[in-house]
Amino acid sequence: MNIAVFSSHNGSDLQAIIDACNNGSINAKVCAVFSNNSDSRALIRASEAGIDNYHVSTIVYGSNEAMNAFILRQLDHHKTDMIFLAGYLKKLGVEILKKYHNRVFNIHPALLPKYGGQGMFGMNVHKAVIASKDAVSGVTIHRVTEEYDAGEIVAQATVEVSSWETAESLAEKVLNREHQFIVEVIKEIIEGRIPLGDSATLATGGI
Ligand code: GRF
Numbered sequence: 004m005n006i007a008v009f010s011s012h013n014g015s016d017l018q019a020i021i022d023a024c025n026n027g028s029i030n031a032k033v034c035a036v037f038s039n040n041s042d043s044r045a046l047i048r049a050s051e052a053g054i055d056n057y058h059v060s061t062i063v064y065g066s067n068e069a070m071n072a073f074i075l076r077q078l079d080h081h082k083t084d085m086i087f088l089a090g091y092l093k094k095l096g097v098e099i100l101k102k103y104h105n106r107v108f109n110i111h112p113a114l115l116p117k118y119g120g121q122g123m124f125g126m127n128v129h130k131a132v133i134a135s136k137d138a139v140s141g142v143t144i145h146r147v148t149e150e151y152d153a154g155e156i157v158a159q160a161t162v163e164v165s166s167w168e169t170a171e172s173l174a175e176k177v178l179n180r181e182h183q184f185i186v187e188v189i190k191e192i193i194e195g196r197i198p199l200g201d202s203a204t205l206a207t208g209g210i
């Protein structure tokens, strides 16, 4: 299973996937890493692990079309089976979503459908959970569609929100849970318990 990962900043979820591939917890390989941010730690982590990595931005490629064409060529070149958005703050191009139909997943640091949608990323999410006084938060892994955080939810894990919790402590707690959970869910995908889209679309260029 070749997994391409998109990440904008720190890339600790990416690191969890790389480590799980390297220590044999999952029978998979991170085949390529993409980031819209040339300074991201995610690109450094990929380089350190010997994984081909690409800074993809319209500044480099001139237009969204040219950038997406480049991404598609690289995904194809690396024989990508599945795409994981792990802290990727850009929308993935429609042409990529079409070709990798039901093969693109995102990890979100809350229990969707609550605390999702445009602007709901990073600390914004955790601050909203604390402000709502919810007793439980968690992690959601869902399929990616054109709309932010709206695709089919494939797995969720919960974490308890303590009475003393701050947005910062909750962020740390959720991120730690993510590092195990993303690996558990990738395992379920590999074992076919969470189905992937028809592989015919990979050959034909989309539906
Ligand atoms: C995670 O909390 C993930 O749920 C969200 O972005 C964060 C990425 O963290 N989509 P990192 O860059 O992998 O450390």
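Just so we're aligned: the sequence shown equals residues 4 to 210 in the working numbering.
Just so you know, even glycine gets a beta-carbon here, dropped at the ideal spot from N, CA and C.
Should residue i and residue j be called a contact, given that it needs their Cβ atoms to be closer than 7 angstroms?
| i | j | result |
| --- | --- | --- |
| V221 | S15 | Because the chain in this structure spans residues 4 to 210, residue 221 falls outside the shown range and cannot be described. |
| V162 | G141 | yes |
| G96 | N56 | no |
| I144 | I110 | yes |
| F108 | F87 | yes |
| L114 | A7 | no |
| A170 | M126 | yes |
Just reading off the beta strand (DSSP E) that residue i is part of, what are its end residues?
| i | result |
| --- | --- |
| S140 | V139 to R146 |
| K32 | K32 to S38 |
| I86 | M85 to L88 |
| I156 | I156 to E163 |
| A7 | N5 to F9 |
| Y57 | N56 to H58 |
Kindly indicate the opening and closing residues of the alpha helix (DSSP H) around residue i.
| i | result |
| --- | --- |
| S172 | A170 to I193 |
| L17 | S15 to N25 |
| I133 | M126 to S135 |
| I47 | R44 to E51 |
| H104 | Neither: H104 is in no alpha helix (DSSP H) and is coded neither H nor E. |
| H80 | N67 to H80 |
| Y64 | T61 to Y64 |
Let me confirm a value: residue i is counted as buried when at least 16 other C-beta atoms fall within 10 Å, else exposed. Which label applies?
| i | result |
| --- | --- |
| A35 | buried |
| D152 | buried |
| G65 | exposed |
| R106 | buried |
| K136 | exposed |
| G119 | buried |
| R76 | exposed |
Taking 7 angstroms as the limit between beta carbons, can you name the residues of its chain near residue i, skipping five residues before and five after?
| i | result |
| --- | --- |
| C24 | A31, K32 and V33 |
| I193 | M4, I29, N30 and A31 |
| A160 | G141, V142, R180 and F184 |
| L173 | H129, V132, I133, S140 and V164 |
For residue i, collect the residues of the same chain with a Cβ closer than 8 angstroms to its Cβ; drop the 5 residues on either side in sequence, then sort them by chain order.
| i | result |
| --- | --- |
| I54 | I21, V33, C34, A35 and V36 |
| D42 | none |
| S11 | S38, N39, N40, S43, A45, G90, Y91, L92 and K93 |
| R48 | G14, L17, Q18, I21 and V36 |
Tell me which same chain residues have a C-beta within less than 6 angstroms of the C-beta of residue i, skipping the five on either side of it?
| i | result |
| --- | --- |
| I197 | V157 and E191 |
| E98 | N71 |
| D201 | none |
Any chance the CB of residue i is under 6 angstroms from a heavy atom of the ligand ATP?
| i | result |
| --- | --- |
| P116 | The ligand ATP is absent from the structure shown, which contains only the ligand GRF. |
| query | Counting Cβ pairs closer than 8 angstroms, one from the stretch 56-64 and one from the stretch 79-88, do we hit at least three? | reply | no
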